[in-house]
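What follows is a single structure, written as structure tokens, with notes after it.
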Amino acid sequence: MSPVNFSAADYAVFGVMLGISALIGFFYAFKDRKKRNTEEFLLGGRNLQIFPVAMSILASFTSAISILGFSQEMYRYGTMYWLIGFSYFLTQPFAAHVYVPMFHKLKITSAYEYLELRFNNTVRVTASLIFCLQMILYMAVVLYTPSVAIQQVLGLPLWVSILITSVVCTVYTSIGGIKAVIWTDTFQVIVMFSGLFAVIIKGIIKVGGISEVWQRIYDSERVDFFDFNPNPFTRHTFWNLIIGGFFTSLTVYGSNQATIQRYLTMKTVKDAQKALYINLVGTFLILTITCITGLIAFAVYFKCDILSSKQVSKGEQILPYLVMDLLGKLPGVPGLFVACVYSAALSTVSSGLNSLAAVCLKDFIQPFWYKNRSLSETKATNISKILAALFGLLTIGVAFLCEYVGATVLQISLSIFGLLGGPLLGVISLGMFCKFANSIGAFVGLVLSTAINLWIGIGAVLHGKPPIPKPVSTEECDLTRVIFKTYSNSTLIPSSQNNFNITYLYRLSYLWYAALSLLVCFIFGIGISLVTGRVGENQIDDNLIFKWSSLLCCKKKEEKKEKTMHGRTNYGIDMTGDFTDKNEHIKMNYLNQDTIVTRF
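In terms of the numbering used here, the sequence shown opens at residue 1280 and continues consecutively.
This is how it looks when you write it as structure tokens:
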């Protein structure tokens, strides 16, 4: 299919979307010009509204990867992946009532400040470095994905599309701060839904109704929800998607700075929890809609597979091809779709840049460059803006490398969360749930879980086998009649090999990376702590440990406790996130908002 020439209406729709995104950034830069402090730039003054924050959480990890990756997954591998949506109903309530109260009540900026309070600065800095690597890699994939799609639609060179996406979001993020990011995300979510609904409606009409779409999917053996194979080396099964998906999603909602930073922009824990429940509905809805677009794409090309017939070269181009085929002649619709894909990319990258700026400022620049001297709020805010811009440039460079990775963008993105987000989730959870765990155990658990995950992940890229797609047909293409054979996706291990081989580990489903790192971190963290000396009952503040009893008494305020530690009163914080009057001295020492103070 040749690239589609944009009409004036298409350029208008696309230009308006980019213009509004940029204008939101300039608006908040002007509006808050007198509030030149990091609290306002990174956290919006901790007083933002529930709905836009919920939309921002949704947009942060509903990238072009989701829109193009989910649809490709349905088209090529069947309906099994949709089951991961049910893991959301386990993950997000768990995160809302376990992780959100812990982070919110501490009134921190960087999520990894918790690790210094709980363990030491070494664990905090190590975790922050891992997070920076994770987000740079993830944002690079996010930039690359829509560029491939737009290349199919407009014929733009890959590098041009990457530059356009990155420059726009870098500008409004670096000047407008978290408020610009959140309100732009809200606008971009609306654009995403509009574009996807247009594709679904037109696609169903093209095929001949919902019943015909379902019949074609069923006849092609793509309806697959009941594979209960417990083999963790199978790419997608019921258990891998529900249980493995739970841990993979938990890395986003329990340990990722980009999400946690959204929790901290709201006044109370209850507001943050409500935002997460709204996000739950949104994430499941966007998953379902994008999966439907992939199934509709298959139904439309039921007798002429566009990949096998070389009408598209990459799976990420399936949905753009469908849009241009169905709606390309309607003025403004191609522009709406391009805006939809770009919106998904912009929202994710902007959130990532803002979170990277927060972590780098709080965990690196402030402690090491301004350890013994104060850093003014004006200077700190300017540094945050520069950091956001620099990370944007760095991400552009890494994005060009994504073309050489063979797996699907969906698998790559989820692998990144499992490989690097899993160890972060592990060390934070170790601190919250194991009171006796010490800093040595936490550091060893964090480093070893990261090392093991990277070994398996890199091995999977080098030695892993690609997933086997479902059967397709090209019998009605302008080619010799070809009917592809049906393959089994039940296992990725050759049946002819009976002896265990270390390379089998490389075939572990990417959905188990997070759970594996959590297990490794807990085993070594607890083991090393017991050997080197467990932390005593009076050495760790109770407010840094999660109390399971709070889940059973969620309607009652947790009793305010005081206990003596090293001869002084320790601070107690209500689960609503509000400091008690007795803790005013702690608020001054730990949370001074007039001058940034390094906590060591």
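The beta-carbon is built from N, C-alpha and C at its ideal position, and this holds for glycine as well.
Everything numeric in this text was worked out from a predicted model, so none of it was measured.
One question on the structure: do residue i and residue j come within less than 8 Å of each other, judged by their Cβ atoms?
{"i": "V1638", "j": "L1727", "result": "no"}
{"i": "S1796", "j": "N1717", "result": "no"}
{"i": "A1406", "j": "L1703", "result": "yes"}
{"i": "A1721", "j": "V1402", "result": "yes"}
{"i": "A1618", "j": "G1474", "result": "yes"}
{"i": "I1329", "j": "K1589", "result": "no"}
{"i": "M1711", "j": "I1824", "result": "yes"}
{"i": "A1678", "j": "Y1423", "result": "yes"}
{"i": "R1495", "j": "F1581", "result": "yes"}
{"i": "G1524", "j": "L1337", "result": "no"}
{"i": "P1646", "j": "N1817", "result": "no"}
{"i": "V1751", "j": "L1725", "result": "no"}
{"i": "I1675", "j": "L1442", "result": "yes"}
Whole angstroms is fine: what's the gap from residue i's alpha carbon to residue j's?
{"i": "M1418", "j": "G1806", "result": "35 Å"}
{"i": "L1787", "j": "F1517", "result": "15 Å"}
{"i": "I1802", "j": "C1583", "result": "51 Å"}
{"i": "S1286", "j": "G1607", "result": "10 Å"}
{"i": "E1754", "j": "M1603", "result": "22 Å"}
{"i": "Y1789", "j": "S1655", "result": "44 Å"}
{"i": "L1394", "j": "K1549", "result": "24 Å"}
{"i": "G1487", "j": "Y1360", "result": "25 Å"}
{"i": "G1631", "j": "C1756", "result": "43 Å"}
{"i": "L1658", "j": "Y1649", "result": "The amino acid occupying residue 1658 in the given sequence is Lys; Leu does not appear at that position. Whole-angstrom Cα-Cα distance: 12 Å."}
{"i": "T1243", "j": "K1744", "result": "What the structure shows of the chain is the stretch from 1280 to 1879, and residue 1243 is not part of that stretch, so it cannot be assessed."}
{"i": "A1730", "j": "K1386", "result": "31 Å"}
{"i": "F1368", "j": "L1609", "result": "38 Å"}
{"i": "H1376", "j": "V1579", "result": "43 Å"}
{"i": "Q1371", "j": "V1531", "result": "10 Å"}
{"i": "F1293", "j": "S1440", "result": "13 Å"}
{"i": "L1574", "j": "I1479", "result": "10 Å"}
{"i": "T1782", "j": "S1653", "result": "52 Å"}
{"i": "S1587", "j": "K1593", "result": "10 Å"}
Please determine, among the options, the residue with the shortest C-alpha to C-alpha distance to residue i.
{"i": "K1714", "options": "K1481, W1462, G1815", "result": "G1815"}
{"i": "I1363", "options": "T1572, L1520, N1400", "result": "L1520"}
{"i": "L1396", "options": "S1829, L1830, N1822, W1827", "result": "N1822"}
{"i": "G1533", "options": "S1708, L1725, T1660", "result": "S1708"}
{"i": "A1291", "options": "S1694, L1615, V1628", "result": "L1615"}
{"i": "A1749", "options": "R1501, M1545, T1465, S1694", "result": "Reading off the sequence shown, one finds Lys at residue 1749, where the question assumed Ala. Among R1501, M1545, T1465, S1694, the Cα nearest to that of K1749 is on R1501."}
{"i": "G1812", "options": "A1793, I1747, I1719, R1355", "result": "I1719"}
{"i": "F1643", "options": "I1409, Y1367, Q1371, D1289", "result": "I1409"}
{"i": "L1555", "options": "I1568, S1345, R1541, A1636", "result": "R1541"}
{"i": "G1697", "options": "I1539, M1414, I1571", "result": "M1414"}
{"i": "L1412", "options": "V1620, V1591, I1483, S1634", "result": "S1634"}
{"i": "S1694", "options": "Y1785, F1398, P1613, L1442", "result": "Y1785"}
{"i": "G1736", "options": "W1791, I1747, A1477, K1593", "result": "W1791"}
{"i": "E1346", "options": "I1299, M1545, G1298, V1421", "result": "Residue 1346 is actually Ile in this sequence, not Glu. Out of I1299, M1545, G1298, V1421, V1421 has the C-alpha closest to the C-alpha of I1346."}
{"i": "F1349", "options": "L1598, I1484, N1661", "result": "L1598"}
{"i": "Y1356", "options": "L1605, T1388, Y1497", "result": "Y1497"}
{"i": "L1830", "options": "G1594, S1366, I1344, M1381", "result": "M1381"}
{"i": "T1572", "options": "M1353, K1826, G1298", "result": "M1353"}
{"i": "S1335", "options": "W1827, N1510, M1471", "result": "M1471"}
{"i": "T1567", "options": "A1794, L1302, T1358, L1327", "result": "T1358"}
Evaluate residue i with the Cβ neighbour count: other Cβ atoms within 10 Å of its Cβ, from every protein chain shown; 16 or more gives buried, anything less gives exposed.
{"i": "L1559", "result": "buried"}
{"i": "F1504", "result": "exposed"}
{"i": "W1734", "result": "exposed"}
{"i": "G1856", "result": "With a pLDDT of 37 at G1856, under the threshold of 50, the modelled position of that residue is not reliable, and the figure given next carries that caveat. Its Cβ being crowded by 16 or more others within 10 Å, G1856 is buried."}
{"i": "V1295", "result": "exposed"}
{"i": "A1374", "result": "buried"}
{"i": "F1507", "result": "exposed"}
{"i": "H1383", "result": "buried"}
{"i": "S1629", "result": "buried"}
Tell me the DSSP secondary structure of residue i in three-state form.
{"i": "S1918", "result": "No information on residue 1918 is available, as it lies outside the stretch 1280 to 1879 that the chain covers here."}
{"i": "L1787", "result": "coil"}
{"i": "S1389", "result": "coil"}
{"i": "S1796", "result": "helix"}
{"i": "S1752", "result": "strand"}
{"i": "L1302", "result": "helix"}
{"i": "L1654", "result": "strand"}
{"i": "F1715", "result": "coil"}
{"i": "N1822", "result": "helix"}
{"i": "S1630", "result": "helix"}
{"i": "R1397", "result": "helix"}
{"i": "K1546", "result": "coil"}
{"i": "G1357", "result": "coil"}
{"i": "E1500", "result": "coil"}
{"i": "N1558", "result": "helix"}
{"i": "F1742", "result": "Rather than Phe, the amino acid found at residue 1742 in this sequence is His. Note: H1742 maps to helix in three-state DSSP."}
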